[in-house]
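Notes for the one structure printed next.
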Amino acid sequence: ERSPVMVVKADGRRVSYEREKILGGLLKACEKRPVARESLEQLVDGVERDLVYASLGGELTSQAIGEAVMERLHALDEVAYVRFASVYRRFADLNHFAAELNRLLDQREGKQKG
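6 is the number of the first residue of the sequence shown in my numbering; add one for each residue after it.
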């Protein structure tokens, strides 16, 4: 039997890993977007495969989990990615939001030129 994986939060608290918490955040980010729940389940499966199970019952940072989720969500749906990132990264104001959008647009243009 595997020991529970602990997540180290930004403030240093340790909590048990909860798949449903990640899935809930993804469902909110994808609300009214053409993203199937099955795709989100697969996204979380990938995060778990790469991070949670690899921890072998140890600890993971919430940052590592969040970044892994955002990387996969970006590939799945850019609008949902921005929604998720705005909550995860706690965008303080419209300038932070605009900066992330500009970064995405620059990234997209780079791919189209390359």
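Backbone N, C-alpha and C fix where the C-beta goes; we use that ideal spot for every residue, glycine too. Note that the coordinates shown come from a computational prediction; the quantities given were computed from them, not determined experimentally.
Strand pairing of residue i, partner residues [DSSP]
i: residue 11; result: 21, 64
Burial state of residue i, where buried means 16 or more other Cβ atoms lie within 10 Å
i: residue 71; result: buried
i: residue 12; result: buried
i: residue 40; result: buried
i: residue 20; result: exposed
i: residue 24; result: exposed
i: residue 18; result: exposed
7 Å Cβ shell around residue i - same chain, five flanking residues per side excluded
i: residue 121; result: Shown here, the chain extends from 6 to 119; a query on residue 121 therefore has no answer.
i: residue 93; result: 71, 75
i: residue 79; result: 86
Cutoff 8 Å; reference residue i; Cβ partners in own chain excluding five residues on either side
i: residue 27; result: 49, 52, 70, 74
i: residue 31; result: 45, 48, 49, 74, 78, 85, 89
i: residue 96; result: 90, 102, 105
Handout entry: Contact the region 94 to 106 vs the region 49 to 63: 3+ CB pairs below 8 Å
Key = no
Practice task
Specify whether the region 107 to 118 and the region 60 to 69 touch according to this definition: at least 3 beta carbon pairs, one from each stretch, less than 8 Å apart.
Solution key: No: the two stretches stay apart, fewer than three of their Cβ pairs being nearer than 8 Å.
Practice task
Counting only runs of 4+ residues fully inside the region 29 to 113, write out the alpha helix (DSSP H) ranges in chain order.
Solution key: 42 to 52, 67 to 81, 83 to 93
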